[in-house]
Amino acid sequence: MAFGEKNIQRGNKGADVTELQLKLSGFRGTVWDGDFGPGSELQVMAFQREVMKTTTPSGVFDANSFDALSEFEINYPVYFASIRCPCGQCDGFGQGRFKNKYRTGKPKIEAYHRREYPGVHKAILYAFRAACFHLKNHDFPPPILTSGYRCWIYNEMRGRRSTNHMGKAIDMDFPAQPKEDKRDDGERCDKARSLLVDKAGFQIGWHGNNKKALEPASIAPTWIHMDVRSYSPKYLTDTFFVSNEEQLQ
Ligand SMILES: [Zn+2]
Ligand SMILES: [Zn+2]
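For the record, in the sequence shown the residue sitting at position 167 is 187 according to our numbering, with numbers rising by one throughout.
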């Protein structure tokens with residue numbers, strides 16, 4: 021059955037569970053393993069409490085929840101134009117190069133995996149969407165996507181070696197507000213990171229496995245970088261990476 025045609029709840033397994041776990045990636049968050057356990061139930065309850073404003077969340081993703089999710093997705097769009105690679109030579113999401121190739125002299129871990137993934141990971145885009153919601157509820161100005169895909173051609177143009185932005189990361193920022201300086205900007209980003217840890221299940225830094233990560237302020241003082249590089253390879257297979265709006269529906 022297609023996503024949305026039947027309730028999803030504790031004990032269910034399958035592709036629709038995986039899709040829901042991804043779509044709710046910015047509500048507490050869990051691994052997208054297709055197995056609806058207590059973590060997924062908490063995600064659903066957070067969505068019901070915060071988006072649907074119910075005081076008695078059921079933890080069952082039912083017809084009303086699917087409707088609320090559709091409306092939520094319309095209210096918080098993700099524009100792929102702002103996340104395409106700016107190199108001018110790839111098609112916007114790299115050329116699929118360097119699968120299982122790692123940076124020379126570095127451990128064979130995802131942080132050094134040179135792979136140009138075929139799009140941006142759904143979990144990070146759905147988390148961005150939810151981040152816009154959480155930030156709005158806490159009186160932050162609307163964030164904008166400032167950086168998405170950066171392929172190896174673009175890396176070479178800029179003298180960069182990071183593999184993060186080859187589908188595993190996005191950066192967002194708050195436009196400068198009148199009469200504010202860099203320190204105000206930095207403080208706002210710190211507060212935003214704390215909110216995302218609390219509401220969306222991010223960690224600051226990469227110490228924990230299978231958790232969405234935010235770069236610490238020491239690296240990203242006046243913007244917010246989020247990525248999925250701490251996940252095991254099974255959570256980073258090609259099907260999780262998308263390159264246009266339709267694939268995100
Ligand atoms: Zn490129
Ligand atoms: Zn970044």
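Cβ coordinates follow ideal geometry from the N, Cα and C atoms, glycine included.
Contiguous beta strand (DSSP E) elements confined to the stretch 28-73 do not occur, taking only those with 3 or more residues. Residue range 189-193 is occupied by the beta strand (DSSP E) that includes Ile190. The beta carbons of Gly225 and Ala233 sit about 7 Å from each other, so the pair counts as a contact at 8 Å.
If you look at Ser214, you'll find it isn't in any beta strand (DSSP E); it sits in the alpha helix (DSSP H) that goes 202-220.
About 6 Å separates the CB atoms of Thr50 and Gln63; that is less than 8 Å, so the two are in contact. One Cα belongs to Met65, the other to Asn229, and the distance between them is close to 24 Å.
Per DSSP, reduced to three states, the secondary structure at Thr242 is coil, with no helix or strand assignment. If the five residues before and after Gly79 are omitted, its C-beta is found closer than 6 Å to the C-beta atoms of Glu61, Val64, Met65, all from its own chain and listed in chain order. Residue environment for His154: buried (at least 16 other C-beta atoms within 10 angstroms of its C-beta).
For Gly114, same chain residues with a beta-carbon under 8 Å away, outside a window of 5 residues either side, are Cys105, Glu136, Tyr137, Pro138, Tyr169, Cys171, Trp172, Met186, Gly187 in chain order. At a cut-off of 7 Å, the beta-carbon of Ile173 counts as near ligand 1: some heavy atom of the ligand is closer than that.
Under the criterion of beta carbons closer than 8 Å, Tyr146 and Ser45 qualify as touching, at roughly 4 Å. Judged by DSSP secondary structure, Ile144 falls within the alpha helix (DSSP H) whose first and last residues are 142-157. In the structure shown, Gln115 falls within a coil segment according to DSSP collapsed to helix, strand and coil. Relative to ligand 1, Gln109 has its C-beta within less than 7 Å of a heavy atom. In this structure, Ala220 places its C-beta atom within 8 Å of the C-beta atom of Ala150. Within a 10 Å sphere around the beta-carbon of Met246 sit 16 or more other beta-carbons, which makes this residue buried. Of the candidates Cys107, Thr259, Glu265, the residue whose Cα lies closest to the Cα of Thr38 is Thr259. Taking the Cα positions, Val140 is about 11 Å away from Thr257. When DSSP states are grouped into helix, strand and coil, Asp258 belongs to the helix group. Remark: the C-beta of Gly114 is in contact range of ligand 1, defined as less than 7 Å to any heavy atom. In this chain, the beta strand (DSSP E) harbouring Leu165 covers 164-167. Going by beta carbons, Asp210 and Thr166 fall outside the 8 Å limit. By the C-beta density criterion, Asn175 is buried, having at least 16 other C-beta atoms within 10 angstroms.
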